[in-house]
Each structure stands twice: as C-alpha cells, then as structure tokens.
Amino acid sequence: MTSSLEELALQYKMTEKESQIELLHQSADNFMCNTTADTIDPQEKFTKCKEIYTQIIDISSDDYLANFNLGVLYFTNYKTSSIPDFDLLHTALEYLQKAEKSDRNSSVLFNIALVETELGNIEHAMKTYQEILDLNQQYDDECIQEDIKAQNQIIYNNLALLAKNQDNMYQAIKYYKEGLMLDPKNFIFLYNISLIFIKSGKYSQAIKFLNKAILYPGEHKPNVAYKILAEAYEKLGKYDEALKTYRSLETLEGSTKDLSQKITRIENIILSDDKFSLSENEEKKTCKSIKFKDHEKDSKFSKALEAICSTDTIKFSEEEKHKELLSNIDEIKEKILDNESNMLICINPPDTSEKESDSKHYENWSQDKCNDILISQPKNKYAYFRLGCLNLATNPIKARACLKECQEIDPKFRPGDCAELIADSIINDEKNENSEALPFYEQAGKTSPEKISALVKLHRLSAFQLANDEKITEAIEELEKARKLDPKNIYILNRLGEMYMSIETPDFNIAKELISKSIKLCPSSSESYISLGRIYRK
C-alpha cells in the first residue's frame, strides 16, 4: 500500500523546471487578463508578455503554449503597427512552426495560414487551410462541433478571398458554396457570390443569390444588396422588378436625391415601354398572323395563299414573320392578283429602319429585347452593339460576332468602343491567343484617340507578351507608357513594382515607391501588401 502511494506521489510530482514554467504561464495569463488597451500601451503589453514567454522557452525550447503565444503576439504586433514590419511576421512564423512541431492542431495551423497570407505565400496558406479542414473532419465530439463549424466557415471565406486575389473566380464561388453547405443563410457568402456573378455579367444568377441574401441579413444591413439587386434587374431589362427593389431600399434608408432620381428614371422607362406595347397591341388586333413550323416549310406557299385569300387586308405580326415567306412576297402578290383582281392585299415587309428612340435607350436593353428588335430590324446596330456588351463575359464568341456585325452595318458607329470590346472578347475567350487582341486595341486607340482605356490595355498586353519572352526591360517600357496614361491604375503600379524587382539588377527603391503609391490609392488592396512583402523578403 505504501509503495502504491509513493508511486502515485511520484507520478504527480512536478519537477522544479515544470513548476517554474507553470508559474510563468500563470504570470503571463494574469497580466493578459488584468490589462486592457485603456490601462496599458499595447507595445508595453507586447514587451512584457514577450519577456515572460521568452523565459519559458529558455527553460524548455519546445513548450507549445509559449511558442504559440509568442507567434500570436508577434503577428498581432505586426497588424497593429502603423508601419508594416515584415521581420515581425517572419518571427511570428518561426514560433508558430515550433509550436506546430509540439502539437499540430487547427489553432496553430490557422495562425500559420494567416501569417503566410500576409507574407504573400498564397499557395502555402491555401494548402494550410485545406489541412485544417481535413483535420477538423476527424473530430466527432458533439461538444466541439459548433466551434469546428464556425472555424470552417471562416476558413472557406478566407480561401474564397485568396482565390479571388488570384483571379480564380470559379474556385472562389466553389469555396463560398461549400461554406453555404454549413450555413445556407450566411449573408456574407450569398452576397459575395452575387458580386462575382455581377462582375462576370451573369445577372440572372446574381439575382438568385441577392434575393436569398436579403432574406437572411442577420446582423448585416442589406441596403447594398438591395441596390445591387435593383441594378441587376435593370441590366436584364426587368424594370418593374427594379422599381420594386428601389422602393424597398427607399423604405429601408429613406429617400435620397440619388435614389429618387433612379426611381424617376425607371418609372419613365416603364411608362415609355407601356406606350410602345399599347400601340403594338392595338395594331395587332387587325392583323392576320402566319407562322410556319419546320415541317410546314414545303407547303408554305400554299398556306400563304390560303391565308391571304381568307381576308381582305393582311399584315404579318412582327415576331411571326418568316424570312423565306417574305422573300416571296412579290411572287405571292402576282399570283393572287391574277386570280382575284378586285382583292386588296396589304402585306407589310419588315420595318428595318432604326427608331430615333433607339439611340437614347439602347444601353438599358436586355438580351431578349435585343433579339426581339433584330427580328423586325435585322440591321439595327444598337441591338448588335448591346448584345456584344451583354455577352462579353459569358459568351465572348457571340459578343465578337455581334460587334463585328455592328461594325459592318455602320463603321462610324462607336468605332473605338467596338474595336476595344472585340479585343476584350478575344482576351475573355480561352481558345484565342491574347496577342490576337493587340491590333484591335491599336485600332481603338487610332480611331478614337480619347479611348485611353484601349491604349492602356494595348501597352499592358504588350508588356505581358514581352515579359513572357523574358524581355523584362522592354516590358517595363510598355508599362511605363501605360502608367503615363493611367497613373492611378493599381494593377499597373503593382506589376511595374514586381518587374523592377525581376530585372537583372533589381531596383527595390523604385519598386517600393510604386507599390507604396498603390497602397495609398487603395489601402484595402491585399495584392499591394503582398507585393510589398516580397520586397522586404528580398
């Protein structure tokens, strides 16, 4: 019995070192709990805690808590510093990696991913996040399932943000949707998916997610979601829905000058559309409609004769005109007149003329409206141009065909815009080489010298091609030309900064100056901070 008690005492007896470490941890915990930003300067707090945890590591270099807390302290100090100090990040990563060796858990991996992101090691950060998701699947304890679910949602959000920074929108949507499987009512995920669809021109899909986001705002204000939803309805020509949405927004935030103007504009569009529809409907009441199905094409002529003979006055409704029938109008007239000389025949050919109102409203036309107009006005340049714009992101081949048709109909109609959009459609089409867009950007710049955006894209694309051929100096010259035209373009500033770091004799001062300008222009741009991080690392 005595022997058993002695063994038990030995089992729980702490060594002198362990006891010392425990006391230091308690000291650090007490200091952290009893101090706030109001009672002590954050830098003083960092220094004091660092001293305590360093003492612990001097006693036991592999102490998990000391290494973990030091890593978090250094990272927090970096985030709160007015001037980014990347040495703090590197030190944070070192301590966190030491902690990982002692205990590889989701908390330490999550903090490693955050630090890797700040350092610009995006691929490694994404890989680490994925490792956490895999690790979390192993836990089946119901007590911690809610915590794991919450952490996984944060991870999916961070993964989506990183994917967006890499311009991988497909992957970003995938991550957001995986997050929605955990919480189908997550406003942030629903809203961010809709923004991606909006930017890619997929307004119908964006509307689905925006409507869900508005239903589940949670602690977020849905005002912005209402505004974007209304604009998406406008893009699709669904003006009644747009008006309802703007009115809902007005109820939420009150009437403003900007909102009142938008509501008035939409009301005017709806009013003009109603008048147009009314005149069309009144006209159609006196019309005889003929429509041929595919299997009826062989007998179209006899059917046309039968229809024409059944009434004194005939007009084919616009949406039901058949091209082959219309091409035989003269022949039909002759045959009917030969048989029924006293019959009045009025077959109206399609109205191919453009309406004066087209030039005022075509930028708001939906895809369906453009297609309807082209049935009756097959040479309507406004409809072709609008279709080119609408399909630019989703169907670049169709967009290019529509824009070229617009050019053929009227070469003087927005020549710079047409050329630039054709070039954009080539860039958006993965089957084409980007270099094929160069002559169109050049054409846009020549025909419309005010098209600065086309010239900027020309120099950017030229620089990209030169960089691929490892002609970095020439690429820099092209980007400098682009920068003169668009000095506040963040993309150009960042790319220039990176190229100055890539030349044979890197010029880190110029690179730092360019990227610092980018950060001043857009302090929230993570890409700029990542580029700046590369400078400090080198």
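Take the sequence shown: its letter number 523 is residue 523 in the UniProt record's numbering, and every next letter is one higher. All C-beta atoms, glycine included, are put in the ideal place defined by N, C-alpha and C.
Practice problem: Report buried or exposed for Asn-268, applying the criterion of at least 16 other Cβ atoms within 10 angstroms of its Cβ. | Solution: Classified as exposed, Asn-268 has fewer than 16 neighbouring CB atoms from the shown chains inside 10 Å of its CB.
Self-check item: Cβ-based burial, Cys-33 [other Cβ within 10 Å; buried from 16]
Solution: Cys-33 should be labelled exposed.
Quiz item: Applying the criterion that 16 or more other CB atoms from any shown protein chain within 10 Å of the CB defines a buried residue, is Arg-104 buried or exposed?
Solution: When all chains shown are included, Arg-104 counts as exposed.
Quiz item: By Cβ distance, which residues of its chain are closer than 7 Å to Val-108, with the 5 residues on each side in sequence left out?
Solution: Result list for Val-108: Phe-68, Leu-96, Ala-99 and Glu-100, in chain order.
Exercise. Compare the Cα-Cα distances from Glu-442 to each of Asn-434, Ile-188, Leu-458 and Ile-452 and report the closest residue.
Key: The shortest Cα separation from Glu-442 among Asn-434, Ile-188, Leu-458 and Ile-452 belongs to Leu-458.
Self-check item: Nearest candidate by alpha-carbon position, reference Asp-167, set Asn-136, Ile-122 and Ala-150
Solution: It is Ile-122.
Self-check item: For Gln-377, three-class secondary structure by DSSP
Solution: Three-state result, Gln-377: coil.
Exercise. Rounded to whole angstroms, what's the CA-CA distance from Asp-134 to Asp-429? Just pull it up for me.
Key: It is roughly 36 Å from the alpha-carbon of Asp-134 to the alpha-carbon of Asp-429.
Quiz prompt | Distance, Lys-412 Cα to His-361 Cα | solution = Each residue's CA atom was taken as its position, placing His-361 and Lys-412 some 19 Å apart.
Quiz item: When we look at the beta-carbon of Leu-236 and count the other beta-carbons within 10 Å, is it buried (16 or more) or exposed?
Solution: Of the residues assessed, Leu-236 falls on the buried side of the cut-off, its CB having 16 or more other CB atoms within 10 angstroms.
Quiz item: Are three or more beta carbon pairs between the region 367-381 and the region 175-184 nearer than 8 Å?
Solution: The region 367-381 and the region 175-184 do not touch, with fewer than 3 CB-CB distances between them shorter than 8 Å.
Self-check item: Residue closest to Ser-106, alpha-carbon to alpha-carbon, out of Tyr-129, Glu-116 and Leu-259
Solution: The candidate whose alpha carbon is nearest that of Ser-106 is Tyr-129.
Self-check item: Spatially closest choice to Glu-433 from Pro-84, Leu-461, Ala-419 and Glu-474, by CA coordinates
Solution: Nearest Cα to Glu-433 within the set Pro-84, Leu-461, Ala-419 and Glu-474: Leu-461.
Quiz prompt | Coarse secondary structure for Ile-112, derived from DSSP in three states | solution = Helix at Ile-112.
Quiz item: DSSP state of Asp-372, grouped into three classes?
Solution: Helix.
Practice problem: Return the CA-CA distance between Leu-162 and Lys-379, expressed in angstroms with no decimal places. | Solution: The straight-line gap separating the alpha-carbon atoms of Leu-162 and Lys-379 is approximately 45 Å.
Quiz item: Anyone know if the C-beta pair for Tyr-491 and Ile-476 falls short of 8 Å?
Solution: Contact flag unset, no.
Practice problem: For Ala-206, I'd like the list of residues in its chain whose CB is within less than 7 Å of its CB, leaving aside the five on either flank, ordered along the chain. | Solution: So the qualifying residues of the chain are Ser-194, Phe-197, Ile-198 and Ala-232.
Quiz item: To which residues of the same chain is Glu-474 closer than 7 Å at the C-beta, ignoring the five residues directly before and after it?
Solution: Here the set comprises Leu-466.
Self-check item: Given Tyr-384 as reference, the closest of Lys-471, Cys-418 and Thr-394 once Cα atoms are compared
Solution: Closest in alpha carbon position to Tyr-384, among Lys-471, Cys-418 and Thr-394, is Cys-418.
Quiz prompt | C-alpha distance - Ser-277 paired with Ile-270, whole-angstrom precision | solution = With a pLDDT of 48 at Ser-277, under the threshold of 50, the predicted position of this residue should be treated as unreliable, and no value is reported.
Practice problem: Please determine, among Gln-138, Lys-471 and Phe-110, the residue with the shortest C-alpha to C-alpha distance to Met-126. | Solution: For Met-126, the nearest C-alpha among the options comes from Phe-110.
Quiz item: If we count the other Cβ atoms within 10 Å of its Cβ and call it buried at 16 or more, is Ser-518 buried or exposed?
Solution: Classification of Ser-518: buried, given that the 10 Å Cβ count is 16 or more.
Quiz item: Is the distance from the Cβ of Asn-223 to the Cβ of Leu-243 below 8 Å?
Solution: Not in contact: Asn-223 and Leu-243 (Cβ atoms no closer than 8 Å).
Self-check item: Start and end residues, alpha helix (DSSP H) containing Asn-77
Solution: Looking at the DSSP string, the run of the alpha helix (DSSP H) that includes Asn-77 is 64-80.
Exercise. Could you check the C-alpha separation between Ala-307 and Ser-376 for me, to the nearest Å?
Key: Low per-residue confidence applies at Ala-307: pLDDT is 49, beneath 50, and the placement is therefore not dependable enough to give any value.
Exercise. Reducing DSSP to helix, strand and coil, say where Leu-236 ends up.
Key: Correct three-state label for Leu-236: coil.
Quiz item: Closest Cβ-Cβ distance between Ser-518 and chain D: below 8 Å?
Solution: Note that chain D does not occur in the displayed structure, where there is just one protein chain.
Practice problem: Specify, as a first and last residue, the run of the alpha helix (DSSP H) that His-25 falls within. | Solution: His-25 -> alpha helix (DSSP H) spans 16-33.
Exercise. Using only alpha-carbon positions, find the residue among Lys-50, Asn-509, Asn-489 and Tyr-216 that is nearest to Leu-521.
Key: When C-alpha distances from Leu-521 are compared across Lys-50, Asn-509, Asn-489 and Tyr-216, the shortest belongs to Asn-489.
Quiz item: Expressed to the nearest angstrom, what Euclidean distance is found between the alpha-carbon atoms of Pro-472 and Ser-502?
Solution: Pro is not the amino acid found at residue 472; the sequence shown has Ile there. If you take the alpha carbons of Ile-472 and Ser-502, they lie about 8 Å apart.
Quiz item: If you draw a straight line from the C-alpha of Ile-290 to the C-alpha of Leu-374, how long is it?
Solution: Confidence at Ile-290 is low in this model, with a pLDDT of 41, below 50, so the placement of that residue is unreliable and no value is reported for it.
Self-check item: Pair within 8 Å by beta-carbon distance, Leu-210 and Leu-229
Solution: Yes. Within cutoff.
Quiz item: Beta-carbon separation of Lys-48 and Phe-31 under 8 Å?
Solution: A contact, by the Cβ cut-off of 8 Å.
Quiz item: When the Cα atoms are used, what is the spatial distance from Gln-20 to Pro-42?
Solution: Whole-angstrom Cα-Cα distance: 26 Å.
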